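Residue numbers (our numbering): 129 to 401.
The beta-carbon is built from N, C-alpha and C at its ideal position, and this holds for glycine as well.
Everything numeric in this text was worked out from a predicted model, so none of it was measured.
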């Protein structure tokens, strides 16, 4: 027995190991992609359908087997349509992590983004204290033009006064999201896709689901202020982090957006190191 195992292992080449690792990684990424989405339930349904097809053939239930085989054949056409949101998100993630392109930050210099971050945090703090709902989206690599077109174009510098006034209730632009591109308020009153993630808490309203939805389909960052509780949240990659204060929000934005060039001393240490 051990001799057979040893002979089988000797026949495995390096390319075979690489092939297995690539397939394993692809399956792993696919599972991560569909985790906590409606695709999980659909896959369970397909497994049940395939199992029923095999059993009906073994039990010689020919009419049922014929119907199930036709259903599976139609499923090959329906699956790409049903899984279109997941396929789109997967292709976008593949494009953002391409080995041919280095991922670029939203802004290149720390000084370019330091001011907008201060205004964002200050505005979120004011809106939170007054329990005024807000949804702010920061565009990164994936373009948001299709969502920008649903709102009102602004193309204005980010300022806490303008951001705060935009979300004042009963004003023309208070509904919808503000989209920021390269440190400028590009548009306001924009409509975003809602997340269908069943694991989101029921206490999360439309704004929070829109924040999660836009980050599921793109690499954007979304800041949410709850109208009911004043809680500040941040969403990214389809996940939402709640109960942030001004300090933690600023630290999070600096971590995600600022590009800190290495100082001369650090460069010398790395060089000599």
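The straight-line gap separating the alpha-carbon atoms of residue 201 and residue 192 is approximately 14 Å. The region 340-355 makes contact with the region 259-272, as at least three CB pairs between them are under 8 Å.
By the Cβ-count criterion, residue 337 is buried, with 16 or more other Cβ atoms from all chains shown falling within 10 Å of its own Cβ.
Assigned with DSSP and collapsed to three states, residue 139 falls in coil, not helix or strand. Contact check for residue 318 against residue 304 passes: the beta carbons are separated by less than 7 Å. One thing to note: residue 374 has its Cβ within 7 Å of the Cβ of residue 249. Residue pairing by DSSP places residue 330 in no beta bridge whatsoever.
If you check the CB distance, residue 252 and residue 360 come in under 7 Å. Here DSSP, grouped into helix, strand and coil, assigns residue 346 to coil. CA-CA distance, residue 148 to residue 370, rounds to 40 Å.
Rounded to the nearest whole angstrom, the C-alpha separation of residue 372 and residue 288 is 18 Å. In this structure, DSSP gives residue 286 a state outside helix and strand, which the three-state scheme calls coil. Here residue 271 carries a coil assignment [DSSP, helix/strand/coil]. Ranked by Cα distance from residue 308, the first of 145, 358 and 279 is 279.
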